[in-house]
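**Q**
In structure tokens form, the structure reads like this:
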């Protein structure tokens, strides 16, 4: 069979497009998937009392815009807090270092994500900095418990606030 | 390629049997195609196999080339039983055999040149200039060197068959089988094919088997003829012998008589009975 | 071949056909290695099966994605979770619509082309001629076409899903006003690599099934003009039914 240039180029293009689509699907859709290219960002950490069901790969957003992802979740045995490492895209390098981080839920059905609330400082977050103001995941059960506890303590004039408040910092 | 010094007719006495068919029985479904068929094709000769339509001429070719096995009897090519050959030996046998199909059977996605080059490319690693030379030689022999870059769809029936012939001989086979080479050709193309068959046989010394029912064309080229009818060989000999034969079957076939040993009517229940409806039609199956 | 063959009932007929297809698959697999030695033939068939189906796949992917955007938006809006549209569209496309619709389109476009091409080669004695030239038509004709289909299918399905996702995004974000960031970030939060993998495996299996049926029907075409048409029809019907059946089995297996 004689080589047929047009045909081979066409096939090449098709295969290339197919693999590009596969690559797109495997890297861009799953948050925990393999990220395309080098990690072009910097990582900062934040300590939470409770991360709920936050997962590695969950988005990090500022004003609703995705600026990075959760790179790791660890546990600090000295103070029993969760240490969350956030990879922030290097395009967003002007985030004040007194910004706060909170774990939020996307809609009723959505998963957890870390929302950054910008502060007012003139110095910015950089690789290795720590976000000090954090707000933990709102655990629905705890919230309900607390409501009933407050309700009960309000009535029985006693401070038997049994459930520890962890939904508040 | 070493085909040029392969032993062919010149080195061996013409006349020994190359293809032998002995007492072959073969059925398709319940229909018996052959019931004790005997025939022989001899080296360096043109053997014609004639017969009315439906006598299984094509089936015979399938038996000779090992695409089907007889239920009884044997088919030998160069003394070897075709039916007992393994796949590898069968392929080796087929490489020494060329076949011209009824309508050429050119590969539609390749042009004329590549069609002729196909067996060469599949079986050898010849350098391109040699392939080119070989293919163009064969195409020249059939008069179609100028059509080398045409696609099969652009060819007329006669041209397609000539290309197929060039392809069939490109590997220098020792046996060449023609399946109905004259069907559907205009008189000129027919003349060309007749000339080519004779040429292939006389010049290259190829043992040729021609299956056809075109009596007159066959008479012009055949050395031996076999007339098949109803599953067996009913007459054999040179075309002259056949012409002089007074056997009823031979006469009917050669003269084209409508009724005779081969009946005009397909077997059916009694006409009057069926019309009167006194019996349900017996042979439930009817030929369309 | 006018012999009165033994007539098969519906069940035995179906069984026989399944058996014959499996035997044919075994014959193809046996010729796989020798056929791989001729990559150019396979490239040719990837072109035939894949590149030639590209336009129709992309067009259909876009429309399916857009419909998914509309329907998904309407459905999710009722729960106040429009932001989950990205997740819904991505999972729907990756796991179901991408592989299945691609397979159905493939059966109609590439599968029929394969069947009629091989069927015509059978009808015009080209396969017999190859055999006479001591060339195995299974190796030279069938296996490259089979492989071409098997390779092309997952790529087509991936392209379909990707285009579909953009279609859903087009409708959801551009037209219906779902927040673009939420669309993508929710999707990236919820879709797992496993989901992509599931879709890929499905399309690979469908590719094997559809290509196998197409080449089987072509190779076993009754050598008449009507035979080719009949075989083509059978290819579409059998491929579609088998695709949906396999889809259920695979979905159940992945859960």
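Chains as they are written, first to last, in my numbering: chain A, 50 to 218; chain B, 754 to 1041; chain C, 914 to 1168.
The C-beta atom is built at its ideal place from N, Cα and C for all residues, glycine as well.
Note that this is a predicted model, so its numbers are computed, not measured.
1. Could you check how far apart the C-beta atoms of residue 146 (chain A) and residue 178 (chain A) are, in whole angstroms? I think they sit under 8 Å.
2. In chain C, which residues lie less than 9 Å from residue 854 (chain B) when you measure between Cβ atoms?
3. Output needed for residue 773 (chain B): all residues of its chain with C-beta closer than 6 Å, excluding positions within five of it in sequence on either side, in chain order.
4. Contact defined as beta carbons within less than 8 Å: I believe residue 876 (chain C) pairs with residue 112 (chain A). What is the distance between those atoms, to the nearest angstrom?
5. For the alpha helix (DSSP H) that contains residue 1014 (chain B), what are its first and last residues?
6. With 16 as the cutoff for other CB atoms within 10 Å, does residue 197 (chain A) come out buried or exposed?
7. Is residue 193 (chain A) buried or exposed, if buried means 16 or more other CB atoms sit within 10 Å of its CB?
8. Are the region 1091-1111 of chain C and the region 1050-1066 of chain C touching by the rule of at least three beta carbon pairs closer than 8 Å?
9. For residue 980 (chain C) and residue 993 (chain C), what's the separation of their Cα atoms in angstroms?
10. Note down, in chain order, each residue of its chain lying with its Cβ closer than 6 Å to the Cβ of residue 165 (chain A), except the 5 sequence neighbours on either side.
11. Compare the C-alpha of residue 889 (chain B) against each of B:900, B:965, B:986 and name the closest.
12. How big is the Cα-Cα spacing for residue 882 (chain B) and residue 871 (chain B)?
13. Span of the beta strand (DSSP E) holding residue 966 (chain C)?
14. Indicate the three-state DSSP secondary structure (helix, strand or coil) for residue 841 (chain B) in the structure shown.
15. Three or more C-beta pairs closer than 8 Å, one from the region 997-1004 of chain C and one from the region 973-989 of chain C: is that the case here?
16. Go through its chain and collect everything with a Cβ distance to residue 1155 (chain C)'s Cβ below 7 Å, but skip five positions before and after it.
17. Under a CB-based cut-off of 7 Å, is residue 874 (chain B) close to chain C?
18. Which of the three DSSP states, helix, strand or coil, is assigned to residue 60 (chain A)?
19. If you measure beta-carbon to beta-carbon, which residues of the region 805-822 of chain B are closer than 8 Å to chain C?
20. Would you call the region 125-139 of chain A and the region 1077-1090 of chain C touching, i.e. three or more CB-CB distances under 8 Å?
21. Check residue 180 (chain A) in the structure and name its three-state DSSP category.
22. Is there a Cβ of chain C sitting closer than 7 Å to that of residue 844 (chain B), yes or no?
23. On the CB-based measure, 16 or more other CB atoms within 10 Å of its CB, does residue 932 (chain B) come out buried or exposed?
24. DSSP three-state label for residue 143 (chain A), please.
25. Comparing the C-beta of residue 84 (chain A) with each C-beta of chain C, is any distance below 7 Å?
26. Please classify residue 83 (chain A) as buried or exposed, where buried requires at least 16 other C-beta atoms within 10 Å of its C-beta.
27. Residues in its own chain within less than 8 Å of residue 985 (chain C) by CB, not counting five upstream and five downstream?
28. Quick check: what's the CA-CA separation for residue 1017 (chain B) versus residue 780 (chain B)?
29. Residues of the region 931-963 of chain C with a CB closer than 8 Å to any CB of chain A: list them in chain order, please.
30. Can you check the region 995-1019 of chain C for any alpha helix (DSSP H) of at least 4 residues that lies completely inside it and give the ranges in chain order?
31. Answer yes or no: do residue 799 (chain B) and residue 954 (chain B) have a C-beta to C-beta separation smaller than 7 Å?
32. For residue 1115 (chain C), name the three-state secondary structure that DSSP assigns.
33. Quick check: is the beta carbon of residue 858 (chain B) nearer than 7 Å to any beta carbon in chain C?
34. Taking 7 Å as the cut-off, decide whether the C-beta atoms of residue 1128 (chain C) and residue 1134 (chain C) are in contact.
35. Using only CA atoms, which one of B:816, B:778, B:1000, B:791 lies nearest to residue 930 (chain B)?
**A** For this structure:
1. For the purposes of this step, residue 146 (chain A) is taken as the residue at position 97 of the first chain. For the purposes of this step, residue 178 (chain A) is taken as the residue at position 129 of the first chain. The pair is a contact, with the Cβ atoms about 6 Å apart (cut-off 8 Å).
2. Translated into the one-based positions of the second chain, residue 854 (chain B) becomes position 101. Under the 9 Å cutoff, chain C gives 1037, 1038, 1039, 1041, 1042, 1045.
3. The sequence position of residue 773 (chain B) within the second chain is 20, counting from 1. 793, 829, listed in sequence order.
4. No answer is possible for residue 876 (chain C): the residues shown for chain C start at 914 and end at 1168.
5. Within the second chain, the letter at position 261 stands for residue 1014 (chain B). Per DSSP, residue 1014 (chain B) belongs to no alpha helix (DSSP H) and is neither H nor E.
6. Mapped onto the first chain, residue 197 (chain A) falls at position 148. So residue 197 (chain A) ends up on the exposed side.
7. In the first chain, counting from the first residue as 1, residue 193 (chain A) sits at position 144. Counting Cβ neighbours within 10 Å, residue 193 (chain A) comes out exposed, since fewer than 16 surround it.
8. no
9. If you number the third chain from 1, residue 980 (chain C) lands on position 67. If you number the third chain from 1, residue 993 (chain C) lands on position 80. Cα to Cα, residue 980 (chain C) sits roughly 19 Å from residue 993 (chain C).
10. Taking the first chain and counting its residues from 1, one reaches residue 165 (chain A) at position 116. Here the set comprises 111, 148, 150.
11. Within the second chain, numbered from 1, the residue matching residue 889 (chain B) stands at position 136. Nearest C-alpha to residue 889 (chain B): B:900.
12. By one-based count along the second chain, residue 882 (chain B) stands at place 129. By one-based count along the second chain, residue 871 (chain B) stands at place 118. One C-alpha to the other measures close to 15 Å.
13. For the purposes of this step, residue 966 (chain C) is taken as the residue at position 53 of the third chain. Taken as a continuous stretch (DSSP letters only), residue 966 (chain C) belongs to no beta strand (DSSP E), as it is neither H nor E.
14. Here residue 841 (chain B) is taken as the residue at index 88 of the second chain, counted from 1. Residue 841 (chain B): helix per DSSP, three-state reduction.
15. yes
16. Locating residue 1155 (chain C) in the third chain gives position 242, where the first residue counts as 1. Here the set comprises 1122, 1126.
17. On the second chain, residue 874 (chain B) is found 121 positions in, with the first residue counted as 1. Residue 874 (chain B) does not count as touching chain C.
18. Here residue 60 (chain A) is taken as the residue at index 11 of the first chain, counted from 1. DSSP places residue 60 (chain A) in helix when its eight states are reduced to three.
19. 818, 820
20. no
21. One-based indexing of the first chain puts residue 180 (chain A) at position 131. The answer is strand: DSSP assigns residue 180 (chain A) an E or B state.
22. Sequence index remark: in the second chain, residue 844 (chain B) carries index 91 (1-based). So yes, residue 844 (chain B) belongs to the interface.
23. Taking the first residue of the second chain as position 1, residue 932 (chain B) is located at position 179. That one is buried.
24. Position 94 of the first chain, counted from the first residue, corresponds to residue 143 (chain A). Looking at residue 143 (chain A) - three-state DSSP - the assignment turns out to be coil, as it is neither helix nor strand.
25. In the first chain, the residue the question calls residue 84 (chain A) occupies position 35. For residue 84 (chain A), the predicted structure reports a pLDDT of 45, less than 50, and the residue's modelled location is therefore unreliable. The matter cannot be settled from this model.
26. Along the first chain, read from residue 1 onward, the residue named residue 83 (chain A) stands at position 34. With a pLDDT of only 43 at residue 83 (chain A), under 50, the local geometry of the prediction cannot be trusted, and no value is derived from it.
27. Taking the first residue of the third chain as position 1, residue 985 (chain C) is located at position 72. So the list reads 998, 1001, 1002, 1005, 1081, 1085, once near-sequence residues are dropped.
28. Taking the first residue of the second chain as 1, we reach residue 1017 (chain B) at position 264. Taking the first residue of the second chain as 1, we reach residue 780 (chain B) at position 27. The straight-line gap from Cα to Cα measures roughly 23 Å.
29. 953, 954, 956, 957, 959, 960, 963
30. 998-1004, 1011-1019
31. As a position in the second chain, residue 799 (chain B) is number 46, starting the count at 1. As a position in the second chain, residue 954 (chain B) is number 201, starting the count at 1. A contact, by the Cβ cut-off of 7 Å.
32. Your numbering for residue 1115 (chain C) matches position 202 in the third chain. Correct three-state label for residue 1115 (chain C): helix.
33. The sequence position of residue 858 (chain B) within the second chain is 105, counting from 1. Judged by the 7 Å Cβ criterion, residue 858 (chain B) is in contact with chain C.
34. Along the third chain, one-based indexing puts residue 1128 (chain C) at 215. Along the third chain, one-based indexing puts residue 1134 (chain C) at 221. No, the pair does not count as a contact, with Cβ atoms beyond the cut-off.
35. To locate residue 930 (chain B), count along the second chain from 1; it is residue 177. For residue 930 (chain B), the nearest C-alpha among the options comes from B:816.
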